[in-house]
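To start, the structure itself, in structure tokens.
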Amino acid sequence: MDVVVNLSRPNSVRIPMGSIYLDQILAPDRNNFALLRLAASVAVLISHVVLLSFGMPSSEPLAGVTYYNLGEHAVNVFFVLSGILVTASLDRSSSLAGFAAARMLRIFPALIVCVLLIAFVLGPLVSALPVRAYASDANLFEFLWRTMSASTGAAALPGVFANNPYPLVVDAPIWTLKYEIACYAVLVALSAAGMFRTARRLAIVIAVTWIPIAALLIADYGRESLPLDHLARFWLCFSFGMVLYRMRDRVPLSLPLAALAAFIWWATLGDAAERIVSLLALGYTVVWLASLPAGALRTWTNRTDLSFGIYIFGWPITQTLIWLSPGLPVLPLEAETILITTAVAYVSWSLVEQPALAMRAGVVARIEGWRAKSSTADLARRVH
Numbered sequence: 009m010d011v012v013v014n015l016s017r018p019n020s021v022r023i024p025m026g027s028i029y030l031d032q033i034l035a036p037d038r039n040n041f042a043l044l045r046l047a048a049s050v051a052v053l054i055s056h057v058v059l060l061s062f063g064m065p066s067s068e069p070l071a072g073v074t075y076y077n078l079g080e081h082a083v084n085v086f087f088v089l090s091g092i093l094v095t096a097s098l099d100r101s102s103s104l105a106g107f108a109a110a111r112m113l114r115i116f117p118a119l120i121v122c123v124l125l126i127a128f129v130l131g132p133l134v135s136a137l138p139v140r141a142y143a144s145d146a147n148l149f150e151f152l153w154r155t156m157s158a159s160t161g162a163a164a165l166p167g168v169f170a171n172n173p174y175p176l177v178v179d180a181p182i183w184t185l186k187y188e189i190a191c192y193a194v195l196v197a198l199s200a201a202g203m204f205r206t207a208r209r210l211a212i213v214i215a216v217t218w219i220p221i222a223a224l225l226i227a228d229y230g231r232e233s234l235p236l237d238h239l240a241r242f243w244l245c246f247s248f249g250m251v252l253y254r255m256r257d258r259v260p261l262s263l264p265l266a267a268l269a270a271f272i273w274w275a276t277l278g279d280a281a282e283r284i285v286s287l288l289a290l291g292y293t294v295v296w297l298a299s300l301p302a303g304a305l306r307t308w309t310n311r312t313d314l315s316f317g318i319y320i321f322g323w324p325i326t327q328t329l330i331w332l333s334p335g336l337p338v339l340p341l342e343a344e345t346i347l348i349t350t351a352v353a354y355v356s357w358s359l360v361e362q363p364a365l366a367m368r369a370g371v372v373a374r375i376e377g378w379r380a381k382s383s384t385a386d387l388a389r390r391v392h
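Each residue of the sequence shown is one higher than the one before, starting from 9 at the first, in this note's numbering.
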């Protein structure tokens, strides 16, 4: 819906050996974006199983080795890929209202079902409180509102998981969804302002947002992250994906460039700059991985997207398994959690997410019809 000036690569541009350009793999049957989202969701799950088993953030894989642990790296990957895919979705949308409706249908149906199942099925079964006391506790309704609105993942349910190694937290991963939605809102605002119409305007967006973000993340290196730090980190990832998409005709994907990105990241390990370099280096490397052949896995993950279900159901399933079997070793816990969560995610995809996505065309058509009627009625009033 937003016209971009011709940024096509000039004939003089030298392509690194063995590389292709991002615009050549954007069709779903030519990339592994869905497969990589699945891998990222499983990485988040693996990281969280370790955290919930030991109760200490320092126990998560890669903690202390790189600035971000395994789960955090995986979430960064989610935001980079989302920047590419959501910007492409906006380009294909005929209106901002239709785009917003499509985005909300991707997130909220599964989220609402997940929260309701946790609150009214899982909660009463595992709570230390009697059912009547559980149902009348004000924390139940606070959990419903705060979690269903994606405002936090830290809301507790009465008497639930109070004695687990990582106590009370029922579905922490939901905390990132508000930042995802915030990125959508900024993307829509930039598009409405025409900031993607020329390369100069796009450069202004990058300069105005990335320079202060870099300064903030470097200044806060080694300190506890605050909401502003999270927003800066996630916007940097999302907007990097957005820029990759906007410059898709000029973004070569090759093993030498991915290796160079990895080397630069390695060179900054332990330095404040790693907090920024790792986001960009990992983001580029993942997009390069999306260009590699993946055969039947690519085909299957393009048809069956389990990533969101694994992301939102994995934590409560892990907490429940720990509640059922205290002291269960990490490796068996990992295996059980991955198996059960994948099955639940498949049910969520089949019964909730896929049907909701199938509604998008109808919802968008109704929105467009309503907008057309409103415009016609407004024009008629002006004429008369």
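Even glycine gets a Cβ: it sits at the ideal position worked out from N, Cα and C. Note that the coordinates shown come from a computational prediction; the quantities given were computed from them, not determined experimentally.
Query raised in the report: Where are the alpha helix (DSSP H) runs, 4 residues long or more, that stay fully inside the stretch 258-282, in chain order?
Result: 263-275
Query raised in the report: Does the count of Cβ pairs from the stretch 103-122 and the stretch 271-287 closer than 8 Å reach three?
Result: no
Requested in this report: Would you list, in sequence order, the uninterrupted alpha helix (DSSP H) runs of no fewer than 4 residues that lie entirely inside the stretch 331-366?
Outcome: 338-356, 362-366
Query raised in the report: Three-state secondary structure (DSSP) at Ala164?
Result: Numbered from 1 along the sequence shown, position 156 holds the residue referred to as residue 164. Correct three-state label for Ala164: strand.
Query raised in the report: At what residues does the alpha helix (DSSP H) containing Thr217 begin and finish?
Result: The residue labelled residue 217 in the question sits at position 209 within the sequence shown. It spans 207-227 - the alpha helix (DSSP H) in which Thr217 sits, taken as one unbroken run.
Query raised in the report: Cα separation between Arg311 and Val259?
Result: In the sequence shown, the residue the question calls residue 311 occupies position 303. In the sequence shown, the residue the question calls residue 259 occupies position 251. So the two alpha carbons sit approximately 27 Å from each other.
Query raised in the report: Is it a yes or a no for the stretch 223-234 touching the stretch 134-152, going by three-plus beta-carbon pairs under 8 Å?
Result: no
Query raised in the report: Okay, do the stretch 330-337 and the stretch 72-84 touch, 3+ Cβ pairs below 8 Å being the bar?
Result: no
Requested in this report: Pull up the distance between the alpha-carbon of Val372 and that of Thr350, whole angstroms please.
Outcome: Taking the sequence shown and counting its residues from 1, the one referred to as residue 372 is at position 364. Taking the sequence shown and counting its residues from 1, the one referred to as residue 350 is at position 342. In a straight line, the C-alpha of Val372 is about 31 Å away from that of Thr350.
Query raised in the report: So what does DSSP say about Ala190, is it helix, strand or coil?
Result: The sequence position of residue 190 within the sequence shown is 182, counting from 1. Ala190: helix per DSSP, three-state reduction.
Report task. Please name the residue or residues paired with Tyr29 in a DSSP beta bridge. Result -> Looking up residue 29 in the sequence shown gives position 21. Note: Tyr29 sits in a beta bridge opposite Pro260.
Query raised in the report: Nearest to Ser199 by alpha carbon, out of Ala240, Thr184, Met250?
Result: The residue you call residue 199 lines up with position 191 of the sequence shown. Ranking Ala240, Thr184, Met250 by Cα distance to Ser199 puts Met250 first.
Query raised in the report: Is there contact here, the stretch 186-195 with the stretch 162-175, by at least three beta-carbon pairs under 8 Å?
Result: no
**Report entry** Nearest residue (CA-CA) to Ser358, options Trp273, Ala118, Gly202
**Finding:** As a working mapping, residue 358 is identified with position 350 in the sequence shown. Checking every option, the nearest Cα to that of Ser358 belongs to Ala118.
Query raised in the report: Do you know how far the Cα of Asp237 is from the Cα of Val85?
Result: Position 77 of the sequence shown, counted from the start, is the residue given in the question as residue 85. Position 229 of the sequence shown, counted from the start, is the residue given in the question as residue 237. Whole-angstrom Cα-Cα distance: 17 Å.
Report task. With DSSP collapsed to three states, give me the class of Ala298. Result -> As a working note, residue 298 is residue 290 in the sequence shown. It is coil, neither helix nor strand.
Query raised in the report: Which same chain residues, not among the five before or five after Ala33, have their C-beta less than 8 Å away from its C-beta?
Result: As a first step, residue 33 must be located in the sequence shown, where it is residue number 25. Residue identity check: residue 33 is Ile in the sequence provided, not Ala. Excluding residues within five positions, the ones whose Cβ falls inside 8 Å are Asn39, Leu261, Ala298, Ser299.
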